[in-house]
Amino acid sequence: MGRANKVVLAYSGGVDTSVCIPYLKEEWGIQEVITFAADLGQGDELEPIRAKALEAGASQSLVGDLIQPFIEEFAFPAIRANALYEGRYPLSTALARPLIARRLVEVAREIGADAVAHGCTGKGNDQVRFDVAIAALAPDLKVLTPAREWGMSREETIAYGERCGIPAPVSKKSPYSIDLNLLGRSIEAGPLEDPMVAPPEEVFAMTVSIDQAPDQAEEIEIGFEAGNPVTINGQSLSPVEMIREANRLAGRHGIGRLDMIENRVVGIKSREIYETPGLLLLIQAHQELESLTLAADVLRSKRQLEMQWADLVYQGLWFGPLKDALDGFMDRTQDHVNGVVRLRLQKGTAAVIGRGSTSSSLYVPEMASYGSEDQFDHRAAEGFIYVWGLPTRLWSASQRRSS
Ligand code: ARG
């Protein structure tokens, strides 16, 4: 069919991406399918996944450890931007896609492939993120999307796989579709498709239920430098260690679960369950430190731009011009975000109980105090209020005249 000769396929080890291997070869006549599986800290054993691709007919099966760039280049910018899609979802899945796309393109270059492929369906956001990222980074590479075109139901996909020697998923009875990495887990499908059905406890793996969380509160202190979380309780942690430790602390107190109706790029509303304990904890602490260290107008502008940053990451525009421009703004503001935030973790909530910054605080005790150290000139308020209230007084007077 002349689609391509040598293809690098983004590979997860799941049924869809496994079936892509024989499908690309047999239906589309691709000679060589090379798989690439990314380690994003999801905790899966990668060796069985590597072997599974070869069994399914891949001519080479590659795995790559992307954990460090994932956290440093994708998760930390999201923390600095307090990125919460629709005010809630911290983009744990969305942030991984441009990185996988970038690595896929690099692998394609290294091995001289003329196309890349992914197993996303035509209903989700991930296809948008992959396709746009690849097109931005490598406009000459073809993107093959068998699962978007084959029109098979899940049962048919499993049956096709079985005919090609791909075993049906072990947990055939697990009805859920799960995406996971070090930042969190997304759980969809099965009984969750009814938005009225409460998520059963079995779907969670990184957080305990509030019932199971200890009664005893735990107080922690998170330290930031230039907007990046760098210490917990005074101990320096690398970015990857920081996420792991924040996941552990929040998870064991039942913090970080979300149940929401979300608006997908393709226009569908979908019901999503997430658990993203560490990321949500770090964003909460980061927002708090910004309240102390950013000027009011910068803070207000940043809150609006954060929404746009989250939208464009969700919508697959990581490599676009607005993202680039907004990053310039975000980075510049973060020079001032230095200090610590104290939180109390207990029974599903993280409550801020203190914040401080020796170098960057804009909180001035002599201005804020009601005590004897007060330096604010109270009489200056009178003239200020006269001018400030002038338009309101003029308008009210004219209303009285005309009534
Ligand atoms: N709705 C979330 C997002 O768009 C999660 C997607 C999960 N992806 C998946 N292939 N299961 O970021």
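Every number in the numbering used here is 62 more than the matching position in the sequence shown, counting from 1.
Beta carbons are placed, not taken as given, at the ideal position from N, Cα and C, and that holds for glycine.
Since the model is a prediction, treat every value here as computed from it, not as a measurement.
For the beta strand (DSSP E) containing P453, list its first residue and its last residue. Taken as a continuous stretch (DSSP letters only), P453 belongs to no beta strand (DSSP E), being part of the alpha helix (DSSP H) at L452 to S464.
Going by the beta-carbon positions, is the gap between V77 and T219 smaller than 7 Å? In contact: V77 and T219 (Cβ atoms closer than 7 Å).
Which residues in the same chain as K87 place their Cβ atom closer than 7 Å to its Cβ, once the five residues preceding and following it in sequence are excluded? V95 and G119
Whole angstroms are fine: how far does the CA of P427 sit from the CA of D436? Each residue's Cα considered, the two are about 8 Å apart.
Beta-ladder partner(s) of A72, from DSSP: F98
Tell me where the beta strand (DSSP E) around K331 begins and ends. Where K331 is concerned, the enclosing beta strand (DSSP E) stretches over K331 to E337.
Nearest-angstrom Cα separation, counted from L206 out to G410: 43 Å
Uninterrupted beta strand (DSSP E) stretches inside the stretch 159-220 (no shorter than 3 residues): Taking only runs of at least 3 residues, the beta strand (DSSP E) segments lying wholly in the stretch 159-220 are 177-179 and 204-206.
Which residues mark the beginning and the end of the alpha helix (DSSP H) in which D321 is found? Element bounds for D321: not the alpha helix (DSSP H) but the beta strand (DSSP E), R319 to N325.
On the DSSP bridge assignment, give the partners of G289 in chain order. Note: G289 sits in no beta bridge, so no partner.
So, using beta-carbon positions, are G418 and G401 closer together than 7 Å? Yes, these two residues count as a Cβ contact at 7 Å.
Buried/exposed call for M63, threshold 16 Cβ in 10 Å: In this predicted model, M63 has a pLDDT of only 46, less than 50, meaning its place in the structure is not dependable enough to derive any value.
For L242, report the span of its beta strand (DSSP E) as first-last. S239 to N243
Note down, in chain order, each residue of its chain lying with its Cβ closer than 6 Å to the Cβ of D277, except the 5 sequence neighbours on either side. Excluding residues within five positions, none has a Cβ falling inside 6 Å.
Could you give the DSSP three-state label for L407: helix, strand or coil? strand
In terms of residue numbering, what span does the alpha helix (DSSP H) encompassing R306 cover? P301 to R314
With a CB to CB cut of under 7 Å and the five nearest residues on each side skipped, what residues in its chain are close to A267? R247
From S239, F136, L405 and V327, pick the residue whose C-alpha is nearest to that of N295; which is it? Per the C-alpha coordinates, the member of S239, F136, L405 and V327 positioned closest to N295 is L405.
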